[in-house]
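Going by the working numbering, 90 is the number at position 45 of the sequence shown; the sequence numbering is gapless. Just so you know, even glycine gets a beta-carbon here, dropped at the ideal spot from N, CA and C.
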Amino acid sequence: LSTTGLQIGDTLFGRNAELSTIKEAYRRTVAGDNELVTIYGHSGTGKSTLAFEFGKYVLSDGGILLSGKFDQRQQGKPFSALASA
């Protein structure tokens with residue numbers, strides 16, 4: 046997914062298309078499909094806020110959310126983001 050957009054505080058601007066894409070993937074998994082979504086981009090482009098907004102959607106739908114975050118200082122540890130979840 047592209048990570049261009051404006052982020053002011055916890056408000057997400059210019060990311061409706063990306064958020065819709067992630068929500069559609071989630072709905073397909075609820076229906077039994079397998080999906081993988083990655084959110085990538087440079088620092089400060091709103092990746093965490095996009096993930097947070099999606100997380101709110103999942104929880105409001107009664108879903109379960111596991112969350113982890115990649116730490117550049119942990120590059121040598123495989124799956125460190127998953128382990129932090």
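- Per DSSP, reduced to three states, the secondary structure at Thr83 is coil, with no helix or strand assignment.
- Between Lys114 and Ala128, the gap from beta carbon to beta carbon reaches 8 Å or more.
- The Cβ neighbour count for Lys101, taken over all protein chains shown within 10 Å, is under 16; the residue is labelled exposed.
- Residue burial annotation: Gly91 is buried, with at least 16 other C-beta atoms found within 10 angstroms of its C-beta.
- In its chain, beyond the 5 residues on either side, Ala128 have a beta carbon closer than 8 Å to the beta carbon of Lys122.
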